[in-house]
Structures are given as C-alpha cells and as structure tokens.
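Q:
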Amino acid sequence: MSAWKHYNPVPIIHGPGKLNELPAHCSEGRILLVTSAGFTRRGVTERVQKLLGSERVSVVDQCTPNPDLDDVDELTIRCRTHQPAHIVALGGGSVLDTAKALSVTIPHEVERPLQASFRDQQASPWMSHIPVIAIPTTSGTGAEVTPFATIWGGKEKKKYSLAHDRLFSHCAILDPELTVTLPEDETIYTACDAISHAVESLWNKHRTPLSVCWASASLAHSLRALPEVLKTPADVRARANLQIGSVLAGLAISQTRTALAHSMSYPLTLHYDVPHGLACSYTLPAIARWLMHRDQVGLNDCAEFMPQVEAVLKRVQVGRRICAYATEEQILALVPEMRTVGRSDNFGYSVDDADLEALVQDALADKADG
Ligand SMILES: [Fe+2]
Numbered sequence: 002m003s004a005w006k007h008y009n010p011v012p013i014i015h016g017p018g019k020l021n022e023l024p025a026h027c028s029e030g031r032i033l034l035v036t037s038a039g040f041t042r043r044g045v046t047e048r049v050q051k052l053l054g055s056e057r058v059s060v061v062d063q064c065t066p067n068p069d070l071d072d073v074d075e076l077t078i079r080c081r082t083h084q085p086a087h088i089v090a091l092g093g094g095s096v097l098d099t100a101k102a103l104s105v106t107i108p109h110e111v112e113r114p115l116q117a118s119f120r121d122q123q124a125s126p127w128m129s130h131i132p133v134i135a136i137p138t139t140s141g142t143g144a145e146v147t148p149f150a151t152i153w154g155g156k157e158k159k160k161y162s163l164a165h166d167r168l169f170s171h172c173a174i175l176d177p178e179l180t181v182t183l184p185e186d187e188t189i190y191t192a193c194d195a196i197s198h199a200v201e202s203l204w205n206k207h208r209t210p211l212s213v214c215w216a217s218a219s220l221a222h223s224l225r226a227l228p229e230v231l232k233t234p235a236d237v238r239a240r241a242n243l244q245i246g247s248v249l250a251g252l253a254i255s256q257t258r259t260a261l262a263h264s265m266s267y268p269l270t271l272h273y274d275v276p277h278g279l280a281c282s283y284t285l286p287a288i289a290r291w292l293m294h295r296d297q298v299g300l301n302d303c304a305e306f307m308p309q310v311e312a313v314l315k316r317v318q319v320g321r322r323i324c325a326y327a328t329e330e331q332i333l334a335l336v337p338e339m340r341t342v343g344r345s346d347n348f349g350y351s352v353d354d355a356d357l358e359a360l361v362q363d364a365l366a367d368k369a370d371g
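If you're matching positions, the sequence shown starts at 2 in the numbering used here and goes up one per residue.
#1: Any chance the CB of ASP274 is under 8 angstroms from a heavy atom of ligand 1?
#2: PRO268: buried (16+ other C-beta within 10 angstroms of its C-beta) or exposed?
#3: Mind listing, in chain order, the continuous beta strand (DSSP E) runs of no fewer than 3 residues lying wholly within the segment 134-196?
#4: Mapping the DSSP letters down to three states, classify HIS15 as helix, strand or coil.
#5: Determine, using beta-carbon pairs with one atom in the segment 240-256 and one in the segment 304-311, whether at least three such pairs fall under 8 angstroms.
#6: Given this structure, state the Cα-to-Cα distance separating GLY349 from GLY343, to the nearest angstrom.
#7: If you draw a straight line from the C-alpha of GLY94 to the C-alpha of TRP215, how long is it?
#8: Using only the alpha-carbon positions, how far apart do VAL60 and SER104 sit?
#9: What's the C-alpha gap between TYR8 and PHE169?
#10: Given GLY18, which residues of its chain have a CB within under 8 angstroms of its CB, disregarding the five upstream and five downstream residues?
#11: By alpha-carbon positions, which one of GLN309, LEU360, ASP353, LEU365 ends up nearest to ARG321?
#12: Express the C-alpha separation of ALA221 and LEU285 in angstroms, rounding to a whole number.
#13: Using the Cα positions of ILE107 and THR139, report the straight-line distance between them to the nearest angstrom.
#14: Which of the three DSSP states is assigned to HIS263 in this structure?
#15: Tell me SER372's beta-bridge partners as DSSP assigns them.
#16: Comparing alpha-carbon positions, which option in SER223, GLY246, ASP98 lies nearest HIS165?
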C-alpha cells in the first residue's frame with residue numbers, strides 16, 4: 002500500500018447563469034479581464050465589463066491558441082501599469098493559461114519572468130500572485146482547477162510548464178450557458194482533451210484513491226455527454242455534463258499530472274499546429290493495447306472505460322483528423338521529441354524510441370476505421 006496526499010483549494014461554482022455571481026468574487030480594486038477577440042466580437046466582454054463596473058476593468062483580448070512565451074512576457078510588461086487586484090480569465094485553455102501565467106509574472110520583480118525562468122534557467126520563486134477567477138468557456142482544459150499553465154516557446158519549438166500552488170485559481174465559475182455556442186470541432190477537441198486527462202490520470206503512477214474516483218466519474222460524464230452534445234449542441238443539460246466531466250478530469254490531473262499520451266502530443270502541436278485535444282487523444286487506444294500486453298494491472302482502473310473511449314474517438318474520427326495535419330512519416334520523425342520529463346515518466350513504464358514508433362504506427366492504423 003502506498004502513501005498519498007491530496008490538495009486542491011479551488012472553490013467551484015457550477016450552474017446555468019452563474020456568470021452573474023462574478024462580482025461577488027472580486028468586489029474591490031482594479032480588474033484585468035483576460036479573454037480572446039471572439040468574446041469581444043460576440044459582446045460577452047462588454048457584458049462582463051458591465052457586470053463588474055466598466056471603470057474598474059482593463060481588457061486584454063489578444064489571447065491566441067497556445068500562449069507564446071515572448072507574447073506573455075510582453076503582456077506582463079503592458080499589464081503591470083494596470084495594477085490589477087484581480088484577474089478574470091474568460092475563455093478556453095489558452096486564455097486560462099495566459100491569465101494564470103500573468104497572475105505570477107505581473108507581480109514578479111524581473112522584467113521578463115518567463116524568459117528568465119525557462120530560457121535563462123534562473124530560479125524563479127513565484128513569491129506572490131494576483132487572484133484569478135477562472136471562467137472556462139470550453140469543456141476540456143481543466144486549467145480552472147489545476148496548479149499548472151502551459152507556455153510554448155515558439156522560437157525554440159519547446160513546450161514549458163509553469164507549476165506552482167500559486168497557480169491555483171481563487172475560484173472557478175462554470176456556467177454551461179457560456180459553452181453552448183462552441184463550434185463542433187472545438188467541442189470535439191476539448192472533450193477529447195478531458196477524456197485524455199481522465200485516462201492519463203487513471204494509468205498514472207501518481208494515481209490516488211481520490212484521483213481514481215474523479216477520473217472515473219469524469220469519463221462516465223464525458224463519454225455519455227459528448228455524443229449528446231454533438232447531436233443537440235444547444236442542450237444546456239448535456240453541455241453541463243460535458244463541463245462536469247472536464248472539471249472532474251482537471252481535479253484528477255491536479256494531483257497526478259498527465260502522462261505518455263500528452264508527452265507524445267506536444268511536438269505535434271509545436272511543429273504542425275495540431276489542436277491539443279486531438280494530439281493527446283489519438284494515441285489512447287494504442288497505449289491501452291500496449292499496456293494490456295505488458296501489465297494488465299496497470300490498466301485495471303481504466304480497462305472498463307477503454308472500449309467506450311475507443312468507440313467515441315472513432316466516432317469523432319480522430320485518426321482522419323490527425324492525418325489532415327501531418328503524414329505518418331512526419332509524425333514518426335518527431336519520435337525523439339516525444340518524451341518529456343514530468344509527463345512520459347508519469348506513465349510508470351519506460352518506453353524507448355522503438356516503443357514510441359510502434360505506438361504511433363498502431364494509433365495511425367486506426368485511421369482506417371476513423
Ligand atoms: Fe491536455
């Protein structure tokens with residue numbers, strides 16, 4: 002029997018219309034609203050500004066997919082003049098990651114904290130932070146309840162991870178009404194990310210009794226809700242279940258982190274802009290088969306879910322979708338970059354390049370079915 006501990010301090014508020022409770026969580030001081038241009042175009046940014054009192058709010062709406070290290074350092078310098086007491090993050094995973102990074106870089110004494118921390122390898126104790134109210138508008142990231150933020154080094158084609166307890170949100174507001182207009186492709190990719198989080202938490206060497214409960218409940222929600230949402234996109238109840246699946250997976254990986262499928266995904270996103278949820282889910286059935294042939298015990302916690310996971314991934318055609326971004330040869334050429342510390346080694350079973358090649362080939366063989 003192994004020892005374990007659990008810590009997640011994020012209050013979660015869930016339900017239709019709960020966005021209206023936002024002012025109660027940032028009643029004083031200036032507010033930095035971090036979002037993307039789409040929300041400004043659709044009038045959501047203005048709605049949030051009015052809710053909070055427009056004179057208190059500064060808006061940053063240039064967040065783009067996969068936040069770039071240099072862009073976030075530039076934003077940090079610009080946003081310091083606002084002196085925000087709170088940051089409101091409204092958007093998908095990239096918006097949440099950008100906001101969480103800003104929450105520790107804005108108060109930092111170094112001018113370009115991410116450059117210093119990741120490229121110059123200077124120790125960066127994140128000594129203080131600005132509280133973040135996270136309002137996810139996709140169901141997949143889980144970033145609203147994790148102490149991590151992913152930052153991408155576009156110049157050097159490298160993925161970095163900020164990880165610190167100060168990156169836990171002050172609170173998470175999950176309003177399923179904000180997710181009903183999410184287009185089909187984004188709904189699929191983000192749900193695939195949540196499914197991948199849950200599976201990767203279940204076969205993770207850091208899994209605990211609690212993370213197993215959360216990840217199992219997550220899969221039960223996501224695998225049922227995704228087909229319902231694809232059939233009836235405006236169904237708020239189904240959207241709410243997909244959102245619950247996502248936050249439960251987020252809680253699970255907040256304890257375990259992710260594992261091999263995520264590690265194998267990062268070079269695809271860095272080199273070929275493959276959407277994160279697609280890149281980290283297409284290998285799941287192949288990894289499960291690999292595991293089954295070596296150690297059935299390692300698969301036990303997720304074995305019951307894998308047939309349904311595989312069926313859902315086939316239904317949304319992850320294999321066909323991957324091949325629209327890169328050829329098998331191009332993906333196989335990335336094998337040397339597919340192992341990352343803190344991800345591939347969470348899997349609990351060492352893999353070499355030959356294993357990774359076999360996994361990619363097996364995963365892409367599924368495309369015929371997809
Ligand atoms: Fe992910």
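Positions of the beta carbon are idealized from the N, C-alpha and C atoms, including for glycine.
Note that the structure is predicted; figures quoted are calculated from it, not measured.
A: Let me lay it out:
#1: No.
#2: Burial call: buried.
#3: Qualifying beta strand (DSSP E) stretches, in chain order: 149-154, 159-164, 172-175.
#4: When secondary structure is reduced to three states using DSSP, HIS15 falls in the strand class.
#5: Result no; under three Cβ-Cβ pairs closer than 8 angstroms.
#6: Going from the Cα of GLY349 to the Cα of GLY343 covers about 11 angstroms.
#7: Approximately 20 angstroms between the Cα atoms of the pair.
#8: For VAL60 and SER104, the gap between their C-alpha atoms comes out near 15 angstroms.
#9: Distance between the alpha carbons of TYR8 and PHE169: 10 angstroms.
#10: Spatial neighbours of GLY18 in its own chain (CB-CB distance under 8 angstroms, excluding positions within 5 residues in sequence) are listed in chain order as ASP176, GLU178.
#11: Selected option, being the one with the closest Cα: LEU365.
#12: In this structure, the CA atom of LEU285 is about 17 angstroms from the CA atom of ALA221.
#13: Their Cα atoms are separated by approximately 26 angstroms.
#14: Here HIS263 sits in helix by DSSP.
#15: No information on residue 372 is available, as it lies outside the stretch 2 to 371 that the chain covers here.
#16: It is ASP98 whose Cα lies nearest to the Cα of HIS165.
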